[in-house]
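Q: These protein sequence lines map, in sequence, to chains A and B.
Count the first sequence with my numbering and you get residues 2 to 153, in order.
Count the second sequence with my numbering and you get residues 2 to 153, in order.
To start, I am sharing the structure in question, which I have written as structure tokens.
There are 2 protein chains.
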Amino acid sequence: MKLSTRSRYGLKAVIDLAIAYGAGPVSLPVLAGSQGISEGYLEQLLRELKKGNVVDTVRGAQGGYELTCDPAELSVQRVLNLLEGSTAIVDCVGTLHHNCTSACSCSARPLFLKLQTRINDVLARTTIRELADDYVQQKARGIPCKNICEKA
Amino acid sequence: MKLSTRSRYGLKAVIDLAIAYGAGPVSLPVLAGSQGISEGYLEQLLRELKKGNVVDTVRGAQGGYELTCDPAELSVQRVLNLLEGSTAIVDCVGTLHHNCTSACSCSARPLFLKLQTRINDVLARTTIRELADDYVQQKARGIPCKNICEKA
DNA sequence: TAAAATCCCTAGTAAATTAGTTGTCTTACG
DNA sequence: CGTAAGACAACTAATTTACTAGGGATTTTA
Numbered sequence: 002m003k004l005s006t007r008s009r010y011g012l013k014a015v016i017d018l019a020i021a022y023g024a025g026p027v028s029l030p031v032l033a034g035s036q037g038i039s040e041g042y043l044e045q046l047l048r049e050l051k052k053g054n055v056v057d058t059v060r061g062a063q064g065g066y067e068l069t070c071d072p073a074e075l076s077v078q079r080v081l082n083l084l085e086g087s088t089a090i091v092d093c094v095g096t097l098h099h100n101c102t103s104a105c106s107c108s109a110r111p112l113f114l115k116l117q118t119r120i121n122d123v124l125a126r127t128t129i130r131e132l133a134d135d136y137v138q139q140k141a142r143g144i145p146c147k148n149i150c151e152k153a
Numbered sequence: 002m003k004l005s006t007r008s009r010y011g012l013k014a015v016i017d018l019a020i021a022y023g024a025g026p027v028s029l030p031v032l033a034g035s036q037g038i039s040e041g042y043l044e045q046l047l048r049e050l051k052k053g054n055v056v057d058t059v060r061g062a063q064g065g066y067e068l069t070c071d072p073a074e075l076s077v078q079r080v081l082n083l084l085e086g087s088t089a090i091v092d093c094v095g096t097l098h099h100n101c102t103s104a105c106s107c108s109a110r111p112l113f114l115k116l117q118t119r120i121n122d123v124l125a126r127t128t129i130r131e132l133a134d135d136y137v138q139q140k141a142r143g144i145p146c147k148n149i150c151e152k153a
């Protein structure tokens with residue numbers, strides 16, 4: 002059930018781009034530096050997002066990445082689908098072809114369907130803009146860290 | 002985001018045990034045969050469930066596995082937590098210790114928390130009894146397979 | 001009491017996935 | 001032209017997943 006680092010890194014990069022939306026492209030070194038990860042790895046993720054038409058690129062000096070649309074119009078679902086390949090928890094409830102020959106007689110399928118519906122609901126309703134706004138506001142208010150960062 | 006086969010096999014085995022609840026233990030060969038998987042593999046999963054006190058065992062001939070409690074009192078969450086180790090989508094929203102040092106300044110954390118809440122909600126509210134009942138009824142009515150099993 | 005049916009446990013392994021790294025090429029700005 | 005950027009492919013290392021193998025312990029039953 003874990004979300005891959007691909008998804009986590011990629012999603013955060015998209016949020017960074019949302020914050021910079023309208024202010025010109027952001028370069029890979031800046032995006033990677035913001036998360037402290039390698040440029041090579043993040044580049045792969047951004048390329049997937051470009052293929053999916055979520056980001057656009059500007060080559061050459063002063064170039065970089067930028068969102069193709071307003072963050073308010075961009076759902077988390079769309080982003081994660083590109084990064085993760087699919088957001089289905091089991092193949093037999095995904096939108097694409099599946100290869101479970103016993104889906105109809107599967108005792109756990111009702112659960113899977115219910116779970117998937119709830120997950121899709123959150124992912125489809127949540128926009129990148131919301132996440133970016135939350136983040137900016139949180140930073141502005143300087144909310145202190147309470148018990149969250151403690152290691153066990 | 003995928004659920005492992007551990008979870009799928011293990012969960013289905015628990016549903017099988019729920020259907021047989023009160024009628025004596027069910028042996029490993031029967032449980033494994035029901036899903037067409039190897040006994041050795043399923044045994045590992047059942048052992049985890051035993052450790053977690055979800056199933057009990059009876060050794061020797063006519064022995065097998067049985068649920069320790071009424072399926073109506075058994076949540077899917079408890080079962081999956083044992084099989085999957087944790088049902089957290091990212092470590093920083095799990096109940097156990099996590100090692101993300103920047104959880105407090107993480108731009109995607111609000112999403113993760115919301116998602117996890119919805120997932121936990123479904124998992125905690127859904128009982129094994131419900132799944133078993135659904136399954137038994139579906140079988141009894143002989144609902145035909147509509148478009149679900151077609152391969153793409 | 002011996003044989004058969006069960007669960008118990010550890011260790012190993014093969015395949016797949018994840019998480020990267022490296023290096024070369026292309027494009028554009030100044 | 002030189003430098004700052006992205007584009008792309010290929011390779012690798014580490015981890016996780018999904019098993020398999022095989023012997024041991026316990027209980028029933030003939």
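C-beta: ideal position from N, C-alpha, C; glycine also.
Are the beta-carbon atoms of LEU83 (chain A) and GLY53 (chain A) separated by less than 8 angstroms?
A: For LEU83 (chain A) and GLY53 (chain A), yes; Cβs fall inside 8 angstroms.
Q: Measure the alpha-carbon distance for VAL59 (chain A) versus TYR66 (chain A) and round it to whole angstroms.
A: When rounded, the distance between both Cα atoms is 6 angstroms.
Q: Let's test the definition: count the other Cβ atoms within 10 Å of the Cβ of ARG9 (chain A) and tell me whether it reaches 16, buried, or not, exposed.
A: By the 10 Å Cβ count, ARG9 (chain A) comes out buried.
Q: So, LEU18 (chain B) versus VAL56 (chain B), is the Cβ gap smaller than 8 angstroms?
A: The answer is yes: Cβ separation under 8 angstroms.
Q: Using a threshold of 8 angstroms, state whether the C-beta atoms of ILE129 (chain A) and ARG119 (chain B) are closer than that.
A: It is not a contact, given that the beta carbons lie outside the stated cut-off.
Q: Considering Cα atoms alone, identify which of B:ALA21, B:ILE90, B:LEU4 and B:THR6 is closest to GLU134 (chain B).
A: The residue you asked about is not Glu; residue 134 (chain B) is Asp in the sequence shown. The residue with the shortest Cα to Cα distance from ASP134 (chain B) is B:ALA21.
Q: What residues in its chain sit with their C-beta under 6 angstroms from that of SER35 (chain B), if we drop five residues either side in the sequence?
A: So the qualifying residues of the chain are ASP17.
Q: Could you tell me if GLU74 (chain B) is buried or exposed, where buried requires 16 or more neighbouring beta carbons within 10 angstroms of its beta carbon?
A: That one is exposed.
Q: Can you tell which of A:GLU40, A:GLY61 and A:VAL123 has the C-alpha that lies nearest to the C-alpha of PHE113 (chain B)?
A: Looking at the Cα atoms, A:VAL123 is the closest of the given residues.
Q: Rounded C-beta distance between ARG7 (chain B) and GLU85 (chain B)? I'm assuming under 8 angstroms.
A: That pair is a contact at about 7 angstroms.
Q: Looking at the secondary structure, which residues open and close the alpha helix (DSSP H) in which GLY34 (chain A) lies?
A: From DSSP, the alpha helix (DSSP H) with GLY34 (chain A) extends over 29 to 36.
Q: Does the Cβ of ARG126 (chain B) have 16 or more other Cβ atoms within 10 Å, making it buried, or fewer, making it exposed?
A: Classification of ARG126 (chain B): exposed, given that the 10 Å Cβ count is below 16.
Q: Label LYS13 (chain A) either buried or exposed according to how many other C-beta atoms from any shown protein chain fall within 10 Å of its C-beta, with 16 as the threshold for buried.
A: Label assigned to LYS13 (chain A): buried.
Q: Name, please, each residue of chain B whose Cβ falls closer than 9 angstroms to the Cβ of THR127 (chain A).
A: The answer, in chain order, is PRO111, LEU112, LYS115 and LEU116.
Q: Near LEU50 (chain B), which residues of its chain fall below 6 angstroms by C-beta distance, leaving aside the five closest residues on each side in sequence?
A: VAL56 and LEU83.
Q: Got a sec: is the Cβ-Cβ distance from ARG9 (chain A) to anything in chain B below 8 angstroms?
A: Yes, contact with chain B.
Q: What is the residue span of the alpha helix (DSSP H) that GLY41 (chain B) lies within?
A: Its alpha helix (DSSP H) spans residues 40 to 52.
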